[in-house]
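**Q** My numbering numbers the first residue of the sequence shown as 81 and each following residue consecutively.
Quick reminder that beta carbons are idealized off the backbone N, C-alpha and C, glycines included.
Please read through the structure below; I'll follow up with questions.
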Amino acid sequence: MVSKNYKFLFGILFLLLSISAGAQVGGAGSVYDSSVISKKKMNQQNRFWEGSYNFPAKPRNMWEIGASIGMFTISSDVSVTPFTFPNFEAHIRKAFGYVFSVRVQYLNAKGQGLNYLSSENFNKNPAWNRNIPTVSQRYFSPDALPNALGNGNVIFTDRDGNVRPSGDLVYYNYQTRLQDLGIQGIFTLNNVRFHKQKTGFVIYGGVGIGVTAFQAKVNALNEATGESYTALFDNVFAKYGAGNYKQRKDIRKDLKAGMDKTYETDADNENYRRPLLGDKTLKPSGTAIMGVAFRLGKRVNLAIEDRVTFVKTDLLDGQRWQEHALGDAVLTPDFDSYNYLSIGLNLNLGGRAVEPLWWVNPLDYAYDELRNHRNVKIPKNNCEDGDGDGVCDHLDREPNTPAGCPVDTHGVTRDTDGDGVPDCKDKQLITPTECQPVNADGVGKCPDPECCKNPVPPTPPVAVCPCDYPTLIYKGNTSGLSNDNRNMLATVAAKLKANPTCTITINGYPETSKASQANCQKRLETIKIYLIEKEGISADRVTTSCEGIGAGDKNSVDIKCN
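Below, the structure written as structure tokens:
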């Protein structure tokens with residue numbers, strides 16, 4: 081059966097290749113080929129050819145139809161069997177731009193899986209008990225409800241009221257037949273090329289939505305004998321124990337040797353509360369794709385693609401229960417998904433059209449025009465100059481320039497100051513803007529300056545106080561004024577009298593002791609009294625401060641301007 085299917089599929093591929101080889105190629109596809117422009121867009125194309133619009137119309141492009149075969153696997157709670165048949169897809173795709181296209185795809189696949197680890201906590205999975213009509217063929221497992229109601233001993237049931245003194249082991253397996261119909265948005269990643277005209281391959285990716293119909297079956301019975309696989313499962317477990325990853329191939333080999341390929345029992349499903357397509361569960365799906373296509377010709381290409389589809393269900397493999405708690409299994413935490421890795425052949429269909437736009441580099445025209453100037457209108461090689469201004473008539477924007485008037489590179493009479501009077505007639509060549517408009521000779525009338533209309537009286541000078549005052553030095557703990565200090569204070573008083581608005585501050589720098597601070601204050605008061613009584617300086621012009629503790633020499637007093 082498999083051999084016939086392969087022959088049939090290869091026959092279809094050979095037929096498609098033959099059609100592709102004999103198909104007539106469409107228009108040349110350049111921006112000068114009107115055969116690939118639709119009637120709706122010919123107005124834009126005509127404007128482009130006339131030079132009144134910078135962009136050519138988008139050409140018609142071919143449709144892509146394709147089919148592929150590949151490897152289908154389900155990511156689930158049961159170990160996958162990778163190579164199954166038949167798995168195929170068919171699609172139709174149309175470009176809506178040079179980067180974006182839309183594809184409608186149908187997928188038909190079969191997935192299989194077989195665990196190499198045994199399971200015993202399958203009481204809630206009806207595929208191993210209630211879905212098997214004959215009680216003697218069913219598998220029995222721990223059931224928590226009778227345990228809770230009884231005396232605490234482990235009870236093994238088929239979840240249908242039947243009890244046995246011991247339970248069974250199973251090796252989860254499944255066969256899922258699946259169909260999916262979806263629509264995908266695809267983005268081409270490398271057809272816009274700056275340094276090469278075309279590419280022999282395109283890389284693309286995309287996402288899509290669709291609907292998946294699936295049905296999972298379990299191989300629980302030997303169709304030839306009508307018996308369950310209890311003995312086989314027990315023998316495999318006795319040989320390998322619980323099993324591990326290194327033993328997986330041997331365990332599966334022994335299991336496959338003792339099992340048929342009927343998959344006769346319905347797996348666990350949600351058909352009672354989900355929409356159905358025939359006998360298949362119907363669920364929405366989301367898809368992500370990534371692929372590369374190799375150009376074999378204008379109308380045929382070979383594509384290698386990987387597609388991952390997510391379906392919000394944990395029953396693609398018919399198994400959703402964990403191994404704990406014993407007799408009362410809980411649901412597994414993750415949803416199932418499936419993967420389709422394929423190789424396929426795609427054909428481009430359509431007459432009077434270019435290749436699908438994801439094979440076209442939109443920069444071809446721009447680079448061609450830069451190099452060959454096909455769309456540039458070059459005037460005749462002559463230079464008639466009717467007004468004698470030195471600019472050829474076909475470039476002259478002012479064909480009747482007065483004689484003797486200088487012009488710019490466009491043949492327009494120069495007007496340096498922009499007052500509307502040509503330079504050749506302007507008697508005031510540079511007229512300020514505020515002096516315009518001007519008379520016929522180009523002479524303007526300037527308004528009086530603002531400074532002359534409302535004169536502002538000069539601002540009186542700001543007095544600058546002197547700050548070069550001396551520092552008085554004391555010896556020991558004395559507070560009286562020495563002759564040198566009196567002479568320096570006379571100099572300070574002279575400067576204050578010369579600047580009657582200026583004030584000073586007398587600063588001392590005592591130590592932290594109270595005696596030092598009291599001595600500082602006594603010195604400053606002596607200085608202030610001397611300036612007031614002996615030199616005639618007003619008291620409100622002199623302030624004192626002993627707050628600079630430790631900020632200077634305790635035997636020095638600074639006089640500073642304010």
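When you compare the CB positions of Ile384 and Ile331, do they come within less than 8 angstroms of one another, or not?
**A** As a first step, residue 384 must be located in the sequence shown, where it is residue number 304. As a first step, residue 331 must be located in the sequence shown, where it is residue number 251. No, Cβ-Cβ distance for Ile384 and Ile331 is not below 8 angstroms.
**Q** Apply the 10 Å Cβ neighbour rule to Asn203 and answer buried if 16 or more other Cβ atoms are within range, or exposed otherwise.
**A** The residue you call residue 203 lines up with position 123 of the sequence shown. That one is buried.
**Q** Would you please state the rounded distance, in angstroms, between the beta carbons of Ser365 and Gly262? I believe it to be under 8 angstroms.
**A** Within the sequence shown, numbered from 1, the residue matching residue 365 stands at position 285. Within the sequence shown, numbered from 1, the residue matching residue 262 stands at position 182. Contact holds; Cβ gap of about 7 angstroms.
**Q** Let me make sure I understand the geometry here. Which of Asn123, Pro136, Ser115, Lys119 has the alpha-carbon closest to that of Glu449?
**A** The count along the sequence shown starts at 1 and reaches residue 449 at position 369. Selected option, being the one with the closest Cα: Pro136.
**Q** If you reduce the DSSP assignment to three classes, tell me which class Asn40 lands in.
**A** Outside the modelled stretch of the chain, which goes from 81 to 642, sits residue 40, for which no answer is possible.
**Q** Whose CA, out of Gly286, Leu357, Gly498, lies closest to the CA of Leu258?
**A** Locating residue 258 in the sequence shown gives position 178, where the first residue counts as 1. Nearest of Gly286, Leu357, Gly498 to Leu258, Cα basis: Leu357.
**Q** For a quick check, are the C-beta atoms of Tyr178 and Pro479 less than 8 angstroms apart?
**A** Mapped onto the sequence shown, residue 178 falls at position 98. Mapped onto the sequence shown, residue 479 falls at position 399. No, the pair does not count as a contact, with Cβ atoms beyond the cut-off.
**Q** Within 10 angstroms of the Cβ of Val434, are there 16 or more other Cβ atoms? Answer buried if so, exposed if not.
**A** On the sequence shown, position 354 is the one that residue 434 refers to. When all chains shown are included, Val434 counts as buried.
**Q** With a threshold of 16 other CB atoms inside 10 Å of the CB of Lys138, please say whether the residue is buried or exposed.
**A** To locate residue 138, count along the sequence shown from 1; it is residue 58. Buried: at least 16 other Cβ atoms inside 10 Å.
**Q** For the candidate residues Trp439, Gly191, Thr592, Asn462, whose alpha-carbon lies nearest to that of Gly150?
**A** Taking the sequence shown and counting its residues from 1, the one referred to as residue 150 is at position 70. Ranking Trp439, Gly191, Thr592, Asn462 by Cα distance to Gly150 puts Gly191 first.
**Q** Determine, using beta-carbon pairs with one atom in the stretch 552-571 and one in the stretch 628-639, whether at least three such pairs fall under 8 angstroms.
**A** Touching, yes, given that three or more Cβ pairs across the two stretches are closer than 8 angstroms.
**Q** Please check the pair Gln264 and Thr367, which I expect to be a contact at CB under 8 angstroms, by giving their CB distance rounded to whole angstroms.
**A** As a position in the sequence shown, residue 264 is number 184, starting the count at 1. As a position in the sequence shown, residue 367 is number 287, starting the count at 1. Yes, Gln264 and Thr367 are in contact; Cβ-Cβ is about 6 angstroms, under 8 angstroms.
**Q** Could you tell me how far apart the beta carbons of Phe168 and Ala147 are, in whole angstroms, since I believe they sit closer than 8 angstroms?
**A** In the sequence shown, the residue the question calls residue 168 occupies position 88. In the sequence shown, the residue the question calls residue 147 occupies position 67. The pair is a contact, with the Cβ atoms about 6 angstroms apart (cut-off 8 angstroms).
**Q** In angstroms, rounded to a whole number, what distance separates the CA positions of Thr342 and Gln185?
**A** Looking up residue 342 in the sequence shown gives position 262. Looking up residue 185 in the sequence shown gives position 105. Cα-Cα distance, rounded: 30 angstroms.
**Q** Report yes or no: do the stretch 408-417 and the stretch 367-379 share at least 3 C-beta pairs separated by less than 8 angstroms?
**A** Contact fails: fewer than three Cβ-Cβ distances are below 8 angstroms.
**Q** Note down the Cα distance separating Lys329 from Ser159, rounded to an integer number of angstroms.
**A** Within the sequence shown, the letter at position 249 stands for residue 329. Within the sequence shown, the letter at position 79 stands for residue 159. Approximately 11 angstroms, taken between the alpha carbons.
**Q** Is Pro364 helix, strand or coil when you go by DSSP?
**A** Position 284 of the sequence shown holds residue 364. In the structure shown, Pro364 sits in a strand (DSSP, three-state: E or B).
**Q** Looking at the strands, I want to know which residues DSSP matches up with Gln192.
**A** The residue labelled residue 192 in the question sits at position 112 within the sequence shown. Paired residues: Thr161, Gln255.
**Q** Near Asp638, which residues of its chain fall below 6 angstroms by C-beta distance, leaving aside the five closest residues on each side in sequence?
**A** Your numbering for residue 638 matches position 558 in the sequence shown. Excluding residues within five positions, the ones whose Cβ falls inside 6 angstroms are Thr551, Asn587.
**Q** Quick check on the DSSP output: the beta strand (DSSP E) that includes Trp129 runs from which residue to which?
**A** Looking up residue 129 in the sequence shown gives position 49. Note, Trp129: premise wrong, no beta strand (DSSP E); alpha helix (DSSP H) at 122-130.
**Q** Check this for me: beta carbons of Glu615 and Leu561, under 8 angstroms apart or not?
**A** The residue you call residue 615 lines up with position 535 of the sequence shown. The residue you call residue 561 lines up with position 481 of the sequence shown. Cβ distance not < 8 angstroms, so Glu615 and Leu561 don't count as in contact.
**Q** Taking DSSP as the reference, what is the three-state secondary structure of Ser246?
**A** Position 166 of the sequence shown, counted from the first residue, corresponds to residue 246. Looking at Ser246 - three-state DSSP - the assignment turns out to be coil, as it is neither helix nor strand.
**Q** Quick one: measure Cβ to Cβ for Arg183 and Ile266, integer angstroms, because I've assumed they're closer than 8 angstroms.
**A** Locating residue 183 in the sequence shown gives position 103, where the first residue counts as 1. Locating residue 266 in the sequence shown gives position 186, where the first residue counts as 1. Contact holds; Cβ gap of about 6 angstroms.
**Q** Use the C-beta contact count for Asn134: other C-beta atoms within 10 angstroms, 16 or more gives buried, fewer gives exposed.
**A** If you number the sequence shown from 1, residue 134 lands on position 54. Classification of Asn134: exposed, given that the 10 Å Cβ count is below 16.
**Q** DSSP puts Pro213 in a beta bridge; with which residues?
**A** Locating residue 213 in the sequence shown gives position 133, where the first residue counts as 1. Per DSSP, none; premise fails for Pro213.
**Q** Since Ala446 is in the alpha helix (DSSP H), which residue starts that stretch and which ends it?
**A** Counting from one through the sequence shown, the residue named residue 446 turns up at place 366. Its alpha helix (DSSP H) spans residues 443-452.
**Q** Thinking just about the alpha-carbon of each residue, which of Val492, Cys545, Ser618 is nearest to the one in Val471?
**A** Walking along the sequence shown from the start, residue 471 turns up at place 391. It is Val492 whose Cα lies nearest to the Cα of Val471.
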